[in-house]
Each structure stands twice: as C-alpha cells, then as structure tokens.
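J.: Please find one structure pasted underneath; my questions will follow.
Residue numbers (the numbering used here): 1 to 131.
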C-alpha cells in the first residue's frame, strides 16, 4: 500500500506538510522522502520550526497534487525514527550533505506517519483510500 502513496508523491514532485504553531496552521513545501522497511520516511531539520512544531503536536497532514488534478491527503501522527540509518540514507538520496554535516552541526530528523489515512481525490470526485 505504501508504494501507491510513494508513486503519487514521486509524480507530484513537491508536497506540502502541515503543522500547527499553537493555534496557527503552518504549511511548507517538501520534496524528499524514502520508502524503507515498509514505511515512508520524511525528514526535517532539527534547527527548523517545523521540527519543534511536530514535537509539540505530532498530528500532521501531507498534501500533494499531480498534473492531472488528482490530489492526495495523507494524514497521521508523526513518529520520529531512532535509527540514524534513515537520516543517512535520505541525506545521500536527496543530496543534502551541504546542510547536514559535522561543520553545520545540523541534524536531519526523520519520521513516518502512524495511525494514518491516505486518500486520493479526483477533481470534483470522491476520495479513494490508498491504505
């Protein structure tokens, strides 16, 4: 089932991650993710507000839109990974070495969604579950 979401995100290219900053919703565009160990892995910098927001309130949603107008709503609870292999793999795959290295001191914090739902929605159509 994860491969359907992976394929959708790959085709969309850019997707948006929603968090809450207190009562204020926040969105930001992302593009990097991995599929490993049966999970879709996403990453954010430990120095960014998005990381602090997800730690304070892990409920999040990812939205992407394909050129054909179909869009994805992937909703769940962000669970941060404890195995550093995911960050190593994502940094290499997305060519993020200039940002995340010993010199900058920045760390990529990786997470997947649990208790998740994923719905693909056609323009003016009904949603179809991808999970």
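Backbone N, C-alpha and C define an ideal beta-carbon position, used for all residues, glycine too.
(1) What's the call for residue 120, buried or exposed, on a 16-neighbour Cβ count within 10 Å?
(2) Please report the residue range of the beta strand (DSSP E) in which residue 74 lies.
(3) Between residue 131 and residue 118, is the Cβ-Cβ spacing less than 8 angstroms?
(4) Under a Cβ-count criterion, where at least 16 other Cβ atoms within 10 Å of its own Cβ denotes burial, should residue 124 be classed as buried or exposed?
(5) Secondary structure at residue 62, three-state DSSP: helix, strand or coil?
(6) Roughly how far, in whole angstroms, is the beta-carbon of residue 33 from the beta-carbon of residue 47, given that I think they are within contact range, below 8 angstroms?
(7) Rounded to the nearest angstrom, what separates residue 106 and residue 45 at their Cα positions?
(8) Just reading off the alpha helix (DSSP H) that residue 114 is part of, what are its end residues?
(9) Terminal residues of the continuous alpha helix (DSSP H) containing residue 54?
(10) Can you say whether residue 92 is buried or exposed, counting buried as having 16 or more other CB atoms within 10 angstroms of its CB?
(11) Is the separation between the beta-carbon of residue 27 and that of residue 16 shorter than 8 angstroms?
T.: On the basis of the data shown:
(1) buried
(2) 71 to 80
(3) yes
(4) exposed
(5) strand
(6) Their Cβ separation, rounded to whole angstroms, is 20 angstroms, which puts residue 33 and residue 47 out of contact at 8 angstroms.
(7) 7 angstroms
(8) No alpha helix (DSSP H) contains residue 114, which is instead part of the beta strand (DSSP E) from 108 to 121.
(9) 49 to 56
(10) exposed
(11) yes
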